[in-house]
Structures are given as C-alpha cells and as structure tokens.
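1 is the number of the first residue of the sequence shown in the working numbering; add one for each residue after it.
What follows is a set of notes on a single structure, which appears directly below.
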Amino acid sequence: MGRLILILIFSMMLLNVGCQSKQLVNNDKLVVLKRSGTENKYEKHKEITDKKTVLAIKSVLKKGEDWKKSKISMTMPPEYKFYFEPTDGSEALSVWYNVWFTNEFAEVYIEASNLYKQFSVEDSLALRAVIQ
C-alpha cells in the first residue's frame, strides 16, 4: 500500500513538472553518491539521465522559499550527496546537495552557500524514491 502511494505521488509530480512552462532547460544528469560505512567516504551510487526525473528533482529543490541560511553541523555525515552534471559539455560548477533522511523527512544542506531545508513528507518521499 505504501509503495503504491509513493508511486502515485511521484507520478503526480512528474505530470505536474511536465505541465509547467519550459523555463527550466534540462540537459543535466543527476549523479548520486552514497556514504560507505560510518566514515565520511562516498561511492558513486547511480547516475540518472531521465529528463523527467531530473526535472522533477529540480522542481522539488526549488519548491517554496523555505531554504534557511544557516551553518549546520550534523552528528553523522550525510547519507547521500548529489549534484547535477551538465550533459552538453559545458563546464558549470556543481552545487553539492548533502542529504540526511530522518524519520519521514529529508534534510538537505548546501555547504557551499550554507543553505538548509527540511522537506515535506511528500517531497521527502519523492526525493528518497529517486536517490535511493
């Protein structure tokens, strides 16, 4: 039952993103790294090149204006790190997103700009479905 709800939520997000204006040019792939062990070491977990999925994650990250400017320190290193890599050969600087999943929520921190956000349960489920 829970898996069906997750699939339904993610499908609705993809439909919503597909219906939005074409302001977001999507020529990126999503590169996800997963923490290896309890140390701060990461291994490439997956690369996502499906344009609708990448656009859906970008939409979740840009949704709302509740990013907080704050320097945080978590007790554990992030479970996942991800970034968007251009596929058009450009040399864009990558923004690294550090991700922790606590209870039902995803917490994301952008260390380079000291931005932190705790996502809603719905957006957390969508993010978890893609990067795990």
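Note that CB positions come from ideal geometry on N, CA and C, so glycine has one too.
Pairing residue 110 with residue 88, the inter-Cα distance amounts to about 24 Å. Looking at the DSSP output, residue 100 sits in a beta bridge with 107. In this chain, the beta strand (DSSP E) harbouring residue 33 covers 28-35.
Two segments are said to touch when three or more pairs of C-beta atoms, one from each, lie closer than 8 Å; by this definition the stretch 115-131 touches the stretch 53-71. With a threshold of 16 other beta carbon atoms within 10 Å, residue 121 falls short and is exposed.
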